[in-house]
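To start, the structure itself, in structure tokens.
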Amino acid sequence: MRKIGLSWSKVAAAASITAALWTPALAWAQGPTGIGALQIGLTKAQVLALPSRGVHLAAPMLDVPDDAFSSTPAGTEKFSATVMTPWRSEPMESSLTFEGGKLALITLRWRNDSVLMTTVVVQISEKFGPPKESDERRVESCPTSAGASEQVRSGMLTRSWKQTNGKRVILTGATTLASDSCLGRREGKEPSAINMLLISAMDNLENPF
């Protein structure tokens, strides 16, 4: 069966969705400030020196060049990387962004494997509390060959946490972009999903109201 195509650029839009989920502080659970030893605020040298007994780079970081539609702001550096985590025995695809020499954005990405996403969400929730949830998935009821029906979901599901640290806010988003439909199943396409764990730092803007 063919898989329904998805691109990383679509799920990367979860970053803006996570950042847009500004609600009163009581609606949020505190969240993490990194993944193991890979923490927001580290310098490049500190990231490169992370010991192999914990979360660490599996290979050197590679510069991410600007594309035709965007340019990297002054003082910002973007890298692609592979990271060893406790969740998998093999490295996970990652992106790291440094602002002013400090790590400001961490992403981990993987396809399918809903069990891993469940594990990540459960572990964060157990330590920091339940997330703020934004469910934009569309639900369809598809007839089965046995004469029954089956619900399928397609779209984006984001679970978010927020950690306020002085003048900085650290947002965490665990996002799944699912592609599944009755038409796709009739055409022999397998359901597919892109998952992303994003941890980002930004200025803590005061509410003028």
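Quick note: the sequence shown, position 18, residue 18 per the UniProt record's numbering, numbers continuous. Each residue gets a CB set at the ideal place from its N, CA and C atoms; glycine is no exception. Keep in mind it's a predicted model, so treat the numbers as computed, not measured.
Using three-state DSSP, classify residue i as helix, strand or coil.
i, result
"residue 155", "strand"
"residue 39", "strand"
"residue 57", "strand"
Can you tell me whether residue i is buried or exposed, with buried defined as 16 or more other CB within 10 angstroms of its CB?
i, result
"residue 69", "exposed"
"residue 211", "The requested residue 211 is not part of the displayed model; the chain covers only 1 to 209."
"residue 35", "buried"
"residue 115", "exposed"
"residue 96", "buried"
"residue 52", "exposed"
"residue 184", "buried"
"residue 89", "exposed"
"residue 160", "buried"
"residue 179", "buried"
"residue 71", "exposed"
"residue 94", "buried"
"residue 2", "Note on residue 2: pLDDT 46, under 50, position unreliable in the model; the coordinate value appears next. Exposed is the call here."
"residue 47", "buried"
"residue 190", "exposed"
"residue 24", "With a pLDDT of 42 at residue 24, under the threshold of 50, the predicted position of this residue should be treated as unreliable, though the coordinate-derived value follows. With fewer than 16 other Cβ atoms within 10 Å, it is exposed."
Would you mind stating whether residue i and residue j have Cβ atoms separated by less than 8 Å?
i, j, result
"residue 153", "residue 201", "no"
"residue 131", "residue 29", "yes"
"residue 158", "residue 134", "yes"
"residue 199", "residue 177", "no"
"residue 117", "residue 174", "yes"
"residue 112", "residue 192", "yes"
"residue 33", "residue 163", "yes"
"residue 31", "residue 170", "yes"
"residue 64", "residue 79", "yes"
"residue 120", "residue 62", "no"
"residue 137", "residue 156", "yes"
"residue 126", "residue 98", "no"
request  = For the segment 63-139, list the alpha helix (DSSP H) runs that are entirely contained and at least 4 residues long, ordered along the chain.
outcome  = 114-128
- So does the segment 130-148 actually touch the segment 80-92, counting three or more Cβ pairs closer than 8 Å? no
request  = Starting from the N-terminal side, write out each stretch of the beta strand (DSSP E) that is 3 residues or longer and does not extend beyond the segment 163-207.
outcome  = 168-179, 192-203
Check whether the segment 36-45 and the segment 90-109 are in contact - that is, three or more C-beta pairs closer than 8 Å.
yes
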